[in-house]
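Novice:
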Amino acid sequence: MQLSDKNFVFKNDPNHIMNCFISCTKQISSKSQLLFTLFFLSVNFGFAQADGGKVFKQNCAACHRVDEQKLVGPGLKDVASRVPQPADEWLFKWIKNNLALQKSGDAYANKLVSDNNKTPMTVFDGVLSDADIKAVIGYIKNPPVEKKEAAKATAGGEQPQEKGFNIFTALIIATIVLLILVGVLGGVKKNLQTIVNAKKGLTPPVPISPIKWASGNKRLVALIGILCVALIARAAYHALMGIGVYGNYKPVQPILFSHQTHAGKLAINCVYCHSGAEKGKTAGVPSANVCMNCHKAISEGPKTGKVEIAKIYDAVGWNQVSGKYDKPQHPIKWTRVHALPDFAYFNHSQHVVVGKQDCKNCHGDIAAGDEAKQFSPLTMGWCIECHRKTEVPGMATNPYYADLHKKLAEKYKGQPITVEKMGGLDCIKCHY
Ligand code: HEC
Ligand code: HEC
Ligand code: HEC
Ligand code: HEC
Ligand code: HEC
Ligand code: HEC
């Protein structure tokens, strides 16, 4: 909803051009800030940290998270303050060869293992170089804020606007800056000329009126005029058509759920999870309990291992060890991908059950990708176009339409009866 509300205000705002300008300048400043930050990060921290992150992802992430949550091994938040000091030295020995450290009689190491006493930690001696181990220690002591969290905060609406910043906007801004510069330099030149003239004892020239100037510079005036008209036309066009149409919009989701794995490879029916699509207005996104029908037994997948499935357990409070729901629950906050504005009415079951439309017609091949993305533009024109060309299926045999069909069949003898002919273009059908 957040998305659509925002667009709607944006689209109907008479100050659209101004808004556009402000948001462009904001984007420029935030972009240059970003560049600056990236630059300083790379200068200050060198590449050790980036390597540590990579080593962690490839070797540790399957069993550890950097926050307090336990996967196979303990959550590594603040680990440096709980292990024997000096922490770096102990961590190095542990990560390199935890078995050797246990055998050496290290009390903390032995306690760790006896507390856990299930899947043991891998020995990395010979797998990771000393430099890798040092880098990964640096990383777990000081992990960067999780990228996903940051992205989620912007996924609500800022993300798609990124598209607005293109070469065209850059050119417009460059032109404006140039014009201002020309103006300022012109002023400076004039002042200098006055001073020089005064020194030479000449009288200052009569100031030229803007109209006179314009008639002397017809070409320049025409050029500026054309540019202005083009800008206004473009802004108007975008206000009407472009902005708010998020083709391929795909936010970052809290769990890396894969449609390809579930609807593609495993061929689970769409309505097993989106059961609302046949029953009512909204298709809905499944609750984590639906996931648990299968994931009580399946804790590992081929793409993301145990990490993502562990988030389902976290959501429903499932304790893999006790086999009970005895932990606190944290509902999964899926980010909505599709959102029509409130003033438009769309009903899934009318299209899926009565209209016999395949999910694919409107959502594309969802099973080909992982997380869902917006496939169709969801504009009014898109709805209308399909209503114009699609025949109402089973009109003759559907008892729901018995009366209507008789009337329409008489009126449009022999012609196919499309949704349009049934009244599917009446404003009131889609706008209450
Ligand atoms: C196969 C799973 C697994 C992998 C891979 C793994 N660990 Fe562990 N880790 C564990 C387990 C389990 C423990 C708890 C001790 C035990 O039972 O061996 C542990 C303990 C630790 C501890 C001590 C935690 C504490 O609370 O004191 C640190 C630090 C650690 N691991 C770091 C790493 C790093 C760094 C990597 C990657 C280079 C890594 N681990 C890879 C399973 C793993
Ligand atoms: C009908 C059974 C079923 C349901 C329901 C189900 N899953 Fe799965 N899921 C599986 C199976 C089976 C796998 C492992 C696939 C494999 O090994 O190829 C899997 C794998 C996964 C993976 C790991 C993917 C990978 O490729 O590594 C994630 C994450 C996941 N599921 C999340 C979810 C979420 C979230 C839900 C609920 C919205 C859910 N699943 C519902 C059967 C199911
Ligand atoms: C005629 C086009 C059309 C068809 C067919 C269709 N959808 Fe949708 N779907 C939409 C539109 C439009 C929205 C946005 C609805 C809104 O924001 O109110 C949507 C939204 C969704 C959502 C987001 C949650 C919701 O209900 O708003 C899911 C999930 C979904 N569709 C699944 C499906 C599945 C599964 C099928 C097939 C069984 C299907 N859709 C068939 C047009 C369609
Ligand atoms: C892929 C084609 C397709 C698209 C896209 C589509 N529709 Fe439809 N729509 C149909 C069909 C087919 C029917 C006839 C269903 C029936 O028999 O009631 C229908 C019927 C309707 C009806 C009932 C019309 C009536 O006379 O009772 C409404 C309302 C409606 N659609 C709204 C929408 C809206 C809103 C959108 C866009 C967000 C949309 N539709 C997009 C195919 C489509
Ligand atoms: C195992 C459960 C499962 C199955 C099967 C499944 N989905 Fe989904 N679907 C989800 C989950 C979980 C989400 C939310 C995460 C996301 O957006 O990727 C979702 C999201 C969606 C969305 C976007 C909803 C929004 O926020 O607007 C659409 C559209 C969708 N699914 C369509 C389909 C279609 C079409 C199929 C069949 C080809 C299908 N799904 C099969 C679980 C499932
Ligand atoms: C088949 C469904 C359908 C019908 C019929 C329909 N509309 Fe719409 N209309 C929509 C949808 C969906 C949107 C939202 C589109 C968007 O957000 O870009 C919309 C948006 C609008 C808007 C807002 C424009 C905007 O860009 O936000 C107006 C005004 C409007 N419709 C007027 C009408 C009028 C007048 C009629 C009758 C001639 C009509 N509509 C018939 C589906 C329909």
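Take 1 as the starting number for the sequence shown in my numbering and just add one per residue.
Ideal Cβ positions, reconstructed from N, Cα and C, are used throughout, including at glycine.
(1) Looking only at its chain, what residues have a beta carbon closer than 7 Å to the beta carbon of Gln320, apart from the 5 residues adjacent to it on each side?
(2) Between the Cα of Asp125 and the Cα atoms of Phe92, Gly225, Ser275 and Ala297, which residue gives the shortest distance?
(3) Comparing alpha-carbon positions, which option in Ser287, Leu425, Glu385 and Gln69 lies nearest Phe257?
(4) Starting from the Cα of Leu171, find the closest Cα among Pro254, Ala230, Thr335 and Val352 and give me that residue.
(5) State the beta-bridge partners of Glu391 as determined by DSSP.
(6) Apart from the five residues on each side of it in sequence, which residues of its chain come closer than 6 Å, Cβ to Cβ, to Thr154?
(7) With Asn142 as the anchor, note down where its alpha helix (DSSP H) starts and where it stops.
(8) If we count the other Cβ atoms within 10 Å of its Cβ and call it buried at 16 or more, is Thr397 buried or exposed?
(9) Got a sec? Which residues, its chain only, sit under 8 Å from Cys270 by beta carbon, not counting five neighbours each side?
(10) Measuring alpha carbon to alpha carbon, tell me which of Val127, Val307, Lys96 and Gly280 ends up nearest Val72.
(11) Please give the ranges of any alpha helix (DSSP H) in the segment 48–85, keeping only runs that are unbroken, at least 4 residues long and fully inside the region.
(12) To the nearest angstrom, report how far apart Pro74 and Asp115 are at their CA atoms.
(13) Short of 8 Å in beta carbon distance, which residues of its chain neighbour Ile417, apart from the five on each side in sequence? Order them along the chain.
(14) May I ask which residues mark the beginning and end of the alpha helix (DSSP H) holding Gln102?
(15) Cβ atoms of Gln374 and Tyr249: under 9 Å apart, would you say?
(16) Kindly provide the chain-ordered list of residues whose Cβ lies closer than 7 Å to any non-hydrogen atom of ligand 2.
(17) If His348 and Lys389 are in contact, beta carbons under 8 Å, what's the gap, nearest whole angstrom?
(18) Could you give the distance in angstroms between the alpha-carbon of Asn197 and the alpha-carbon of Ser209?
(19) Using a 10 Å radius around the Cβ and a threshold of 16 neighbouring Cβ atoms, would you call His330 buried or exposed?
(20) From Val354 to Tyr400, what does the alpha carbon distance come to, in whole angstroms?
(21) Buried or exposed: which applies to Asn142, given that a residue is buried once 16 or more other Cβ atoms fall within 10 Å of its Cβ?
(22) Smallest Cα separation from Ala107: which of Cys383, Gln85 and Thr379?
(23) Go through its chain and collect everything with a Cβ distance to Phe47's Cβ below 7 Å, but skip five positions before and after it.
(24) Who pairs with Gly305 in a beta bridge, going by DSSP?
(25) When the Cα atoms are used, what is the spatial distance from Gly183 to Thr304?
(26) Smallest Cα separation from Cys386: which of Val83, Val419 and Ala297?
(27) Please check the pair Leu128 and Val79, which I expect to be a contact at CB under 8 Å, by giving their CB distance rounded to whole angstroms.
(28) Where does Leu128 sit, in a helix, a strand or coil, going by DSSP?
(29) Any heavy atom of ligand 5 within a distance shorter than 8 Å of the CB on Ile140?
(30) Using only CA atoms, which one of Asn110, Leu179, Ala61 and Gly364 lies nearest to Leu227?
(31) With distance defined between alpha-carbon atoms, name the residue in Leu340, Gln350, His363 and Ala372 nearest to Thr379.
(32) Report buried or exposed for Lys411, applying the criterion of at least 16 other Cβ atoms within 10 angstroms of its Cβ.
(33) Between the alpha carbons of Tyr325 and Arg65, how many angstroms are there, rounded?
(34) Starting from Asn434, follow its DSSP beta bridges and name the residues at the other end.
(35) Compute every distance between the C-beta of Thr122 and the non-hydrogen atoms of ligand 3, then say whether any falls below 8 Å.
Specialist: In this structure, then:
(1) Ser299 and Tyr313
(2) By alpha-carbon distance to Asp125, the top candidate from Phe92, Gly225, Ser275 and Ala297 is Phe92.
(3) Ser287
(4) Ala230
(5) Thr418
(6) With a pLDDT of 37 at Thr154, under the threshold of 50, the modelled position of this residue cannot be trusted; read the value that follows with caution. Within the same chain, Thr154 has no close Cβ partners at all.
(7) No alpha helix (DSSP H) contains Asn142, which DSSP labels as neither H nor E.
(8) Burial call: exposed.
(9) Closer than 8 Å at the Cβ level, and outside the excluded window around Cys270, lie Ala263, Ala277, Cys359 and Ile366.
(10) Taking only the C-alpha atoms, the option nearest Val72 is Val307.
(11) Counting only runs of 4 or more, we get 48–59 and 79–82.
(12) 11 Å
(13) Around Ile417, the same chain offers Glu391, Val392, Met395, His405, Leu408 and Ala409 as residues with beta carbons nearer than 8 Å, after the five sequence neighbours per side are excluded.
(14) Asn98 to Lys103
(15) yes
(16) Matched residues: Ile255, Leu256, Phe257, Ser258, Thr261, His262, Lys265, Leu266, Ile268, Tyr272, Cys273, Pro286, Ala288, Val290, Cys291, Asn293, Cys294, His295, Ile298, Gly301, Pro302, Lys303, Thr304, Gly305, Glu308, Ile309 and Ile312.
(17) The pair is not a contact, with the Cβ atoms about 20 Å apart (cut-off 8 Å).
(18) 20 Å
(19) exposed
(20) Roughly 9 Å separates the two Cα atoms.
(21) Exposed, by the Cβ-count rule.
(22) Here the closest residue by C-alpha is Gln85.
(23) Low per-residue confidence applies at Phe47: pLDDT is 39, beneath 50, and the placement is therefore not dependable enough to give any value.
(24) Gly301
(25) 59 Å
(26) Val419
(27) The Cβ separation is near 17 Å, so there is no contact.
(28) strand
(29) no
(30) For the set Asn110, Leu179, Ala61 and Gly364, the Cα lying nearest the Cα of Leu227 is the one of Leu179.
(31) Leu340
(32) exposed
(33) Going from the Cα of Tyr325 to the Cα of Arg65 covers about 21 Å.
(34) Beyond the ends of the chain as shown, which are 1 and 432, falls residue 434; an answer cannot be given.
(35) no
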